[in-house]
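4 protein chains.
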Amino acid sequence: MLSDHFQAVRQRSLQLAAPLSNEDCCAQSMPDASPVKWHLAHTTWFFETFILEARESNFTPFHTAFRVLFNSYYNGVGPKHPRAQRGLLTRPSLDEVWAYRLDVDARMLRLLDAGSPDAALAELVTLGLQHEQQHQELMLTDVKHLLAHNPIAPRYDGEGMRLEAAPLPLQFLEFDGGLVEIGHDGRGFAFDNELPRHRSYVAPFALASRLVTNGEYLAFIEAGGYRDAALWLAEGWDKVASGELAAPLYWRRMDGGGWAEFTLHGELPLDPARPVTHLSLYEADAYARWAGARLPTEAEWECAARLAGIEAGGAHPGAALAAGLTQMFGACWQWTSSSYAPYAGYAPAPGAIGEYNGKFMINQYVLRGSSCATPGGHARASYRNFFPAGTRWQFTGIRLAR
Amino acid sequence: MLSDHFQAVRQRSLQLAAPLSNEDCCAQSMPDASPVKWHLAHTTWFFETFILEARESNFTPFHTAFRVLFNSYYNGVGPKHPRAQRGLLTRPSLDEVWAYRLDVDARMLRLLDAGSPDAALAELVTLGLQHEQQHQELMLTDVKHLLAHNPIAPRYDGEGMRLEAAPLPLQFLEFDGGLVEIGHDGRGFAFDNELPRHRSYVAPFALASRLVTNGEYLAFIEAGGYRDAALWLAEGWDKVASGELAAPLYWRRMDGGGWAEFTLHGELPLDPARPVTHLSLYEADAYARWAGARLPTEAEWECAARLAGIEAGGAHPGAALAAGLTQMFGACWQWTSSSYAPYAGYAPAPGAIGEYNGKFMINQYVLRGSSCATPGGHARASYRNFFPAGTRWQFTGIRLAR
Amino acid sequence: MLSDHFQAVRQRSLQLAAPLSNEDCCAQSMPDASPVKWHLAHTTWFFETFILEARESNFTPFHTAFRVLFNSYYNGVGPKHPRAQRGLLTRPSLDEVWAYRLDVDARMLRLLDAGSPDAALAELVTLGLQHEQQHQELMLTDVKHLLAHNPIAPRYDGEGMRLEAAPLPLQFLEFDGGLVEIGHDGRGFAFDNELPRHRSYVAPFALASRLVTNGEYLAFIEAGGYRDAALWLAEGWDKVASGELAAPLYWRRMDGGGWAEFTLHGELPLDPARPVTHLSLYEADAYARWAGARLPTEAEWECAARLAGIEAGGAHPGAALAAGLTQMFGACWQWTSSSYAPYAGYAPAPGAIGEYNGKFMINQYVLRGSSCATPGGHARASYRNFFPAGTRWQFTGIRLAR
Amino acid sequence: MLSDHFQAVRQRSLQLAAPLSNEDCCAQSMPDASPVKWHLAHTTWFFETFILEARESNFTPFHTAFRVLFNSYYNGVGPKHPRAQRGLLTRPSLDEVWAYRLDVDARMLRLLDAGSPDAALAELVTLGLQHEQQHQELMLTDVKHLLAHNPIAPRYDGEGMRLEAAPLPLQFLEFDGGLVEIGHDGRGFAFDNELPRHRSYVAPFALASRLVTNGEYLAFIEAGGYRDAALWLAEGWDKVASGELAAPLYWRRMDGGGWAEFTLHGELPLDPARPVTHLSLYEADAYARWAGARLPTEAEWECAARLAGIEAGGAHPGAALAAGLTQMFGACWQWTSSSYAPYAGYAPAPGAIGEYNGKFMINQYVLRGSSCATPGGHARASYRNFFPAGTRWQFTGIRLAR
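Residue numbers (numbering that gives the first Met the number 0), protein chains in the order written: chain P, 0 to 401; chain H, 0 to 401; chain F, 0 to 401; chain D, 0 to 401.
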C-alpha cells in the first residue's frame, strides 16, 4: 500500500535524526552540506508544494515563508533562500519543523486514503519518497561532515565498530560486453536520468571482485602516491600540490604513528580490511593508474551489476567477505570515468519537477552502486548518482576495471 | 563586595540569553560575530584560565578540550579553535556550557569567600567581569546580526517599541580645549588602553548637542548622499560603488515605499526621531561632510564628556529628549576620526593577559561613549572602544563636530 | 620533405606576429591566454628540449633559464614559471626570442639535413610542428583577447571585413548511425587522444547543415533567452544570474542601439550572416534547447564529418554560402555534448611527452572541426579539441543536432 | 624661471625611463604598481587636463581616449580605466606616449612663455611638477617590483654597488618636545595635507641617530623575530602565520646559506652596513618592540627633522657614515606610528584637484623623510608620505624612538 510505504519512509527520517540534538540539526558545515533540520523540512516542502498545493481544494500553506526557505533549487517554484545560509535558520525551531511534518503527513494521508490514488498522484508520491530517501543519505553524510569539524569528535552512533577479518584477494572478473541495453527496464521506479533504455557498444572488460581496501590504499600512500605527478590528472595534481588532497577526507595521522579514521561511531584506528572511502575521483583515478588498472565506465558497471545482489548498509562500509562480485551495493558509491550526461533521447518532465536531474548534467561524474548510508530499497543496477570530481564527503570508493 | 558583584554580572549573561533557543545560541552569522553559547563559555574560560588555574592548588580543568575551544585570541595560552568555525561547535551543548558556568562560578566564589581577596586577585576578577560585560554587549549585537539574516525576522524582545517624540534641534556647543589631560584619572577600573593619563593640546572646537537622527540621515540619502563621490573617503566610495554600502545596515526599503528597520524588537517602520545607528565610519564621515561638519577627535570627545551624564540603555537607542549635551552615553557608540593607537607611554601588562588591547592597535578607529546595549556601570568618559572603519553590526552612531 | 615543412610552419609563426609591436607580444590578458612572445619561445623550447637535448652530442642550452621560463606544463621536465606571470617576462626581449628561434631552427635543420631522419625523429618533429600549429591558433585568439581589453579597440588586421550575403536556411540532414568506427584511421598524423580507433554504437540522428548565425542568435537574445532559467544548465544559469554571461564574448551594445562585434579587423557592426562565435558551452546548450534541438555527441559529429570538405580560414569566420553539410571546418570549433575522456584502450606515450593530452581528460568538453584561425593542414575529422565549458575566447560556435 | 624648472623635471622622467625597453615600460606586476609608460602618460595628462583644457582658447585633446585611459583616480574628471588593467594597454605605444609628452610640453611652454604666468597658473604648474616628481619615485619602485618577478633578475642600473663600511653605533638623541608648531611654514611649495600649521603637544622623546641596518635586522631574524607572536601586532602576525611575511620583500636566502637582496643593480649579497628597506609597518613595529624601542609619531619626527640636512639619493640607500642625526632624508622613508589623518582645520582644494590627498586619509600610515629614489628638491621636513601598513615595495625603513 502506498500510504504504508509513505509512513515507513517518513518515519525513517525521524529515526535518523533521533541521536542528534537541536543544535546538531541546525548547523551547516559547508555550502554543499545542509542542516538535518533543513533536510527534514525540505522533504516535507516537496510534498506540500508539488502535491498538496495542486490537489487540495482549499490549500493553505503551513507557513507562507516556507515556500522560499525550503526550496532547494527549483527556479520554477520561485525564489530560494541562499544555500550557504541554511545554517543561520535558527527559526523555525526543530519543534516547528516536527509540527510541519506532522501536518503535511496528516494531509498527505488524507489524500492517499481518500480512495485509490490515480496514477499521476502515485507517481508523484513515489518520486517524493525516493527524493526523501536521497536526503536520508545526505542527512548522514552531512552530519558526519559537521561532527568531523568538532575537535571533540562526537559520535553519531554510540555503538562501537569491530575490526573486520581480511577479505579475499582482489580478482578481476571477465565480462564479454557487446551491443548491450543500458538504462532502466521499466519495472518499478526510476529517475528520469536512467531513461530511455538504449543500446550501447561495450568492448570486453574485466571488473574487480571487490572494492579497494584501506590497507591497499595505505600501500599507495606509503609508496609515494601523493608525491608522483605522473599518476594524477592535472586538476588533481594541482589540489595535491596545494595541500588540499593528502589522504582520504576523514583520515588523520595519529600522534604516535599510524592512522585513525573519523566515522559515525567516532574516531577509530584505521581498519585495513574495510573499503577505503571518502575520496575524490582524482584520488580514485590516481590509485587505479598506480595499480595498473583504470576506473570502469558506467556502461561497464551496469553490465556487470545485473548479476550482483543488493547488500545491507550500516553507519560505515563493511569488508567484503564473500567470493565473486561483491560490494556492488551497500558499501561505497563507486566512481566511474563517465561524465554525467543525458542518455540519447533523454527528456525531462515538464514544469518545475523537471528541474530534478537534467540541469545538473555538466561537470559532474557518475557514481554507481549504493553505500552503507543508502536506505533499503533505494538501490538498483540502473541508478545514476553524480557529483563533481572533487567531492569527498559522500561514501565514495574505488572499483577497479581493466 | 566583589563576590556580590561577581554574581550580579555573571547572572546578567544568563538573563541576556534567556529569550533565545538552543539553536539561536549556537549559530554564527559571520566570522566577526560569535555564537551566544561561545560567549557564555569564553567568559567562563577567562576566569578558569587566568584565575583558577593559577590559584587552585589542585586545579583540574572542567574539560580539557575547552582550553582550545574557548580561547579567543590569546597566543600566550596556546592554540585556538578557528574563529570562523565557532558556529560548528554543536557540542558541547548549551546545557553543558551551563554546567561549565555553574562549576566555575562555584569555584570562583569559594576563592573569593576564602578571605579578603588580595589586590592582584581583585584586579584580575574585576578585569574578568569587565571583559564579560564587553561580551554581554556583543551577545546582543551578534544575535541581532544572526536574526536579521532570517527572512522570518524573529524578535529577540517580544515587547513593541513606540515612536518617539521629535528631539530638540541639533545645536553646536562650544568648548575651549587647550592643553588638557587625557586618559583615565585612576579612580575605579580602567583598561590599559586608557592609560597613561597624558597631556594633549586641543584647539577650540564645537560639538553637536545630540546624535544625528534617522530623519536627518534619511534627508542625506534622499539628497543623493550615496551617489556623490565627492562626499566620500576613497575606500568608502569603493564600497558604495560595489553596492556594499547603500543605507544603514538594518534599513530595508518597504514594498510600498518608506523604510523599515530591523531591531531586537523585530522589523519596524523607521522612527525619524531616534538616532541613526549601525553605520560605518565611511558613512558617518560622508554624512558629516555633507552636513558641513566633521567627526570629533577622541581627545575633543573626552574633553566634552566630562560634563555629561550617563544615560540608561535598552534594546534600541532612544531619542534625545533633554537640552544640553545629550546621548554621550547609552544610545550609540560615536565614531571619532582618531585611529586606535597607544597613548604616549602605553605599556601592556606582561604575559598572555597583555594581549588584551595593544596588539589590536592598527587599522582600527576609536569609538567613544557607550550604547543602549552596554551594561550598566560599564561606561566612562575615558573608555576607548575600537573597530575597523567598515564595521556596522555594533550600535554605532554619528556625533558631529566643528 | 620534412625540413621544408619544418621551415614553412616555423615561418608561419613569424608571419602571424608581424602586425604586432613588442608590447603587444609581451602582455598577458588572463592566466589562460599567453603572450605571443611566450608562444614563440615555448614552441621553440619544445624542439630544443625534446629533440636537440637528446640528439645533439654536445648539447648546450641556448639559455639555461629558458628550460623553466618556457615550460608550459610538463612536470617530467622540471619546474615551470607560474602561468599567470608570463606577461611579466619583459626579458628576454622579443629580439632575444627571435635569436632563440634562429638558433634552434639552424640546429634542427642541421639535424634534419644530416641524412634521412629515422622514424622516431620524424615522429617527434611532426609532433613539434603540430604542436606549433596549435599555438599559432592560440596566438591569434590570445592577442584578440588582449586587444579587446583596450578601449581604443586596435586592429590586428588592418583590412576591413565586408558584410556577407544571407546564408541558405538551416536544414537538418539525416544520418543512419549504427555500429561505427570512431578515431583516427592511421593515415597521416594524429594526436594520441584520437586513438585507438574503436567501435561505438550511434543511434540515427540529424545534423544541421550549417552553423547558427549571429542573426539567429540575436533572435534568441531578443526572445529573452538570457532571462529564462528553464533553458539553462544550472551552472550556466549561475553565470547568467551573476552577470558573467549576457551575450557572446565580443559583442557590445552600441550607444545608439544595435550591436557591434570586436574582431581582429577592429570593432564592426554585427554581421547577421556570419556564424555566432566566442560563446561558452552553456550558451550553445541553452540556444539549442530554445531552438528545440540539442548539441551533437562527438561520435555523431565524426560520423558526419567524413563526408565534409575542409574549408579555408581567415581572421574571422565567414558565412555559409554553399548547400549541403557546410562549415564543418574553417569557421568555428563546434561544442559537443561529450566530455573529454580517453577512448577505450587509450594509452599515453611514455615520459614527459606523454603529458600532452591524457592528464587533461577531466572537466573539459570536446569541440570538433576547426576554426578560421586553425592553420591550413591542421584539421581532420578525428581531431579532438577540448576546453572547459565556460571557455569563450576561442572561435567557438554552435552546430545543432536532433 | 618656472619654464626652466618645468623642462628640467619633465626631462628627468625621460632619463629615468632610458634604461628600459618598450616591454619593460608596458608591463604591470600588481594593481598597486603602474607601468612606466602609464606614469609618463598620466603625468602629462595632469598638465593637459588641469591646465591646458582650462587655459587654451581652442583646446583640442591630443587623443580623446586619453582622458579616460590616463586618469588615475579623479572622479571629478570622469570615468577611469581600471587600475589593474593598466598593463594591458599595449597601445598607445611608447612612441605615441613620447609624442604626447612632446606635444603637451610644447603647449605648456607656449603658455608659460606667453608672459609672466599668473599666480594661479604658477601654482598649478608647480603642483603638476611636484606630482610628476612623486611619479618619478614610483617609476623606480614599480619597475623594481616588476624586474624582481623575473627569474633572470635583470638590472635596471648596470653599474655595480660596493659594500659599505660599517656605520657608527646607533645612538638615541634626546629632544625636549613641548607645545610645538607642526606643518608647513608657508615658505615654498607644500601639499595641502601639510596644512594648516598648528600647535601640538609633544612629550620629551629620543630618536635614533640613524636607520636600522640590514645587519641589525638580520640579528632580529636569527633571534626568531618572525616566530614570536608576542612581538607582533595581531594583523601582522596573521601575515607571518600565513607565510606572507618572512623577511624584507627583496631578500632571498641563497642556496649555500646567507642572504641576497634584489636591487636596481641586480641581485647582490646582502650588505650588512646599508639600511634595511622594503618592509611593512608590521615588521618595523615588531623590530622596534624586539629592540626595546618604538616607532616615532609624525610630530616627533618633524620636531627632530628641522635640524637635519637633506642627503643625496641613488638607486639604493647608502650607509650612514656621519655622526649626529643622519639619514632623515635620501635613504628610506621612515614608518611612523601615526595614521594618516587631516590636520585640525584641514581643507582640500575645491574641484577635482581637491581629490589629491584628503580622500585617502583612512587606513594608511604616515611615512616621513624621503628615500634614495626621491627626486632632488622634493624632500622637506613637513612632507607626509602615506601607505597602508602592509606596503613593502616602496623604499621603506626603520627609525627607532623612545
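All C-beta atoms, glycine included, are put in the ideal place defined by N, C-alpha and C. Keep in mind that this is a model prediction, so the values were computed, not measured.
| query | result |
| --- | --- |
| Any 3 or more C-beta pairs closer than 8 Å across the stretch 255-275 of chain F and the stretch 150-157 of chain F | yes |
| Within-8 Å CB hit, residue 4 of chain H to chain P | no |
| Unbroken beta strand (DSSP E) run spanning residue 180 of chain P, endpoints | 177-181 |
| Residue environment, residue 312 of chain H, which counts as buried when at least 16 other CB atoms sit within 10 Å | buried |
| Which of helix, strand or coil DSSP assigns to residue 300 of chain P | helix |
| Where the beta strand (DSSP E) through residue 394 of chain D begins and ends | First-last for residue 394 of chain D: undefined, no H or E at that position. |
| Under the three-state DSSP convention, the category residue 266 of chain D falls into | strand |
| Residue 192 of chain F versus F:144, F:338 and F:392, residue with shortest Cα-Cα distance | F:338 |
| Contact with chain D by residue 75 of chain H, beta-carbon distance below 8 Å | yes |
| Nonlocal neighbours in the same chain, by C-beta distance under 6 Å from residue 320 of chain D, ignoring five residues either side | none |
| Short Cβ contact (8 Å threshold) for residue 207 of chain H with residue 366 of chain H | no |
| Within 8 Å, strictly: CB atoms of residue 233 of chain H and residue 359 of chain D | yes |
| heavy atom of the ligand FMN below 7 Å from residue 188 of chain H C-beta | In terms of ligand content, the structure shown is empty, and the ligand FMN therefore cannot be addressed. |
| Spatially closest choice to residue 78 of chain F from F:64, F:91, F:89 and F:86, by CA coordinates | F:64 |
| Cβ-Cβ separation, residue 385 of chain D to residue 364 of chain D (assumed contact under 8 Å), whole Å | 7 Å |
| Among H:306, H:330 and H:210, nearest to residue 294 of chain H - alpha-carbon criterion | H:210 |
| Residue 205 of chain P versus residue 280 of chain F: straight-line alpha-carbon distance, rounded | 34 Å |
| Under the three-state DSSP convention, the category residue 14 of chain P falls into | helix |
| Residue nearest to residue 203 of chain D in terms of C-alpha spacing, selected from D:214, D:11 and D:302 | D:302 |
| Residue-chain proximity (residue 229 of chain F, chain P), Cβ-Cβ < 8 Å | yes |
| Residues of the stretch 149-164 of chain D with Cβ closer than 7 Å to any Cβ of chain F, in chain order | 149, 150, 151 and 153 |
| Cβ-based contacts, 9 Å cut-off: residues of the stretch 365-379 of chain P near chain F | none |
| Per DSSP, cross-strand counterpart(s) of residue 333 of chain P | P:367 and P:396 |
| Segment contact flag, the stretch 118-125 of chain D with the stretch 46-63 of chain F, C-beta cutoff 8 Å, min 3 pairs | no |
| Rounded straight-line distance, which links the Cα of residue 105 of chain P to that of residue 228 of chain F | 34 Å |
| Rounded straight-line distance, which links the Cα of residue 190 of chain P to that of residue 382 of chain P | 8 Å |
| Sequence-distant residues of the same chain with beta carbon closer than 6 Å to residue 277 of chain D, five excluded per side | 247, 248, 249 and 391 |
| 8 Å Cβ cutoff, residue 114 of chain F in contact with chain D | no |
| Closest by C-alpha distance to residue 299 of chain D, when choosing among D:172, D:5 and D:84 | D:172 |
| Coarse secondary structure for residue 200 of chain F, derived from DSSP in three states | strand |
| Minimum Cβ-Cβ distance from residue 71 of chain F to chain D less than 8 Å | no |
| Residue 173 of chain F, enclosing beta strand (DSSP E) - first and last residue | 171-174 |
| Beta carbon of residue 344 of chain F nearer than 8 Å to that of residue 183 of chain F | no |
| Start-end ranges of the alpha helix (DSSP H) lying completely within the stretch 111-177 of chain P, minimum 4 residues | 118-147 |
| Among H:92, H:75, H:166 and H:67, nearest to residue 81 of chain H - alpha-carbon criterion | H:67 |
| Sequence-distant residues of the same chain with beta carbon closer than 7 Å to residue 395 of chain H, five excluded per side | 276, 277, 278, 331, 332, 334 and 366 |
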